[in-house]
Amino acid sequence: MSIKVNLIKIKNTFSNPKCTLVAVSKTQPIPALKEAYDLGIRDFGENKVQEMVEKQAELPDDVRWHMIGHLQTNKVKYIASFVYLIHGVDSLKILKEINKQAKKVDRIIPCLLQIYIAKEESKFGLDENELEEIITGNEIQSFQNIKIIGLMGMATFTENSDIVRSEFKSLYKLFTDLKIRNLPSNFKMKELSMGMSGDYIIAQKEGSTMVRIGTAIFGERNYK
Ligand SMILES: *Cc1c(COP(=O)(O)O)cnc(C)c1O
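Sequential numbering of the sequence shown, starting at 0, is according to numbering that gives the first Met the number 0.
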């Protein structure tokens, strides 16, 4: 299958045409990204800092780079000058570092808080108590170089669509509950990043504004 055909197929299954398609290009070679770029893709998702930095140097400046992986504090500095959105924020510690590095490059970096919704132990993310602690804590208010623009979550990896749907529903509910709350001034709930190749159709029906799709665009990944 070609990237072009895959992209057309995916777009045809979007129930919300306004939903942002983030092309997850991790492990894919630069020519594959350029091909997607030439087909109109501007949002690319990577999960490793080093790889994102290398690819950023090779692609045009109008690409919007999404950090979708778990970000280590000591690596934030390498992407602070250009990253468009950091999806996987799951601690105050990492927020603090993003704020610090953003300040150095005179930027306000948009972030999504990653919420733990799956039944799998291995997945990262905040539970509701940890989320409350961040929102209601004093420290967050002083982070003037970040903007928390929404939530991100990953559903359980399962064929059972009822489980996936109920996890997305719970994340959507959390998102809409936050929207109507009085949050610190560096919050503005507008993006809900949920849905991957196997579950983006369900995710869109459940209110996703941003889907992160890799294999359905580029084919299987080649981990070396
Ligand atoms: C790899 C990855 C994706 C894309 O997964 P596919 O199944 O290839 O679409 C989406 N989100 C995150 C956080 C990922 O790590």
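Built from N, CA and C at the ideal position, the CB exists for glycine as well.
Please name the residue in the options whose C-alpha comes closest to that of residue i.
{"i": "M151", "options": "T26, G197, K92, H65", "result": "H65"}
{"i": "D298", "options": "V23, I2, A56", "result": "With the chain represented from 0 up to 223, any question about residue 298 goes unanswered, as that position is not in the structure."}
{"i": "E131", "options": "P183, Y199, I145", "result": "P183"}
{"i": "G136", "options": "S165, E57, L94", "result": "L94"}
{"i": "I148", "options": "I133, L91, E127, I85", "result": "I85"}
{"i": "E53", "options": "K3, A101, L32, D37", "result": "L32"}
{"i": "D104", "options": "E119, V75, L125, A117", "result": "Residue identity check: residue 104 is Val in the sequence provided, not Asp. Of E119, V75, L125, A117, the residue nearest in Cα terms is V75."}
{"i": "D89", "options": "I134, V62, E119, D61", "result": "I134"}
{"i": "K92", "options": "N73, F81, L173, P109", "result": "N73"}
{"i": "R164", "options": "S1, P109, R63, Y199", "result": "Y199"}
{"i": "S1", "options": "E34, G124, G39, R220", "result": "E34"}
Taking buried to mean at least 16 other C-beta atoms within 10 Å of its own C-beta, is residue i buried or exposed?
{"i": "D176", "result": "exposed"}
{"i": "E96", "result": "buried"}
{"i": "K8", "result": "exposed"}
{"i": "M195", "result": "buried"}
{"i": "M193", "result": "buried"}
{"i": "R180", "result": "exposed"}
{"i": "R211", "result": "buried"}
{"i": "N98", "result": "buried"}
{"i": "Q143", "result": "exposed"}
{"i": "N128", "result": "exposed"}
{"i": "K126", "result": "The residue asked about is misnamed: residue 126 is Asp in this sequence, not Lys. Exposed is the call here."}
{"i": "P28", "result": "exposed"}
{"i": "E158", "result": "exposed"}
{"i": "E138", "result": "exposed"}
With a cut-off of 8 angstroms on the beta carbons, I'd call residue i and residue j a contact; round off their distance for me.
{"i": "I201", "j": "S160", "result": "6 angstroms"}
{"i": "K25", "j": "G213", "result": "7 angstroms"}
{"i": "Y83", "j": "P59", "result": "With a Cβ gap of about 13 angstroms, Y83 and P59 do not count as contacting."}
{"i": "A101", "j": "A79", "result": "6 angstroms"}
{"i": "A215", "j": "E166", "result": "Rounded, the Cβ-Cβ distance is 20 angstroms, inconsistent with contact."}
{"i": "H69", "j": "G87", "result": "5 angstroms"}
Counting only beta-carbon atoms, is residue i nearer than 9 angstroms to chain B?
{"i": "K146", "result": "Among the protein chains of the structure shown there is no chain B, as only one such chain exists."}
Under 7 angstroms from any heavy atom of ligand 1, by CB: list those residues in chain order, please.
V23, K25, G44, N46, I67, G68, H86, G87, M153, M195, S196, G197, R211, I212, G213, T214, A215, R220
Measuring CB atoms only, is the region 99-116 touching the region 32-50, in the sense that at least three cross pairs come out at less than 8 angstroms?
no
Given 8 angstroms, three or more beta-carbon pairs between the region 153-163 and the region 182-190:
no
Count Cβ pairs between the region 8-22 and the region 199-210 that sit closer than 8 angstroms; are there 3 or more?
yes
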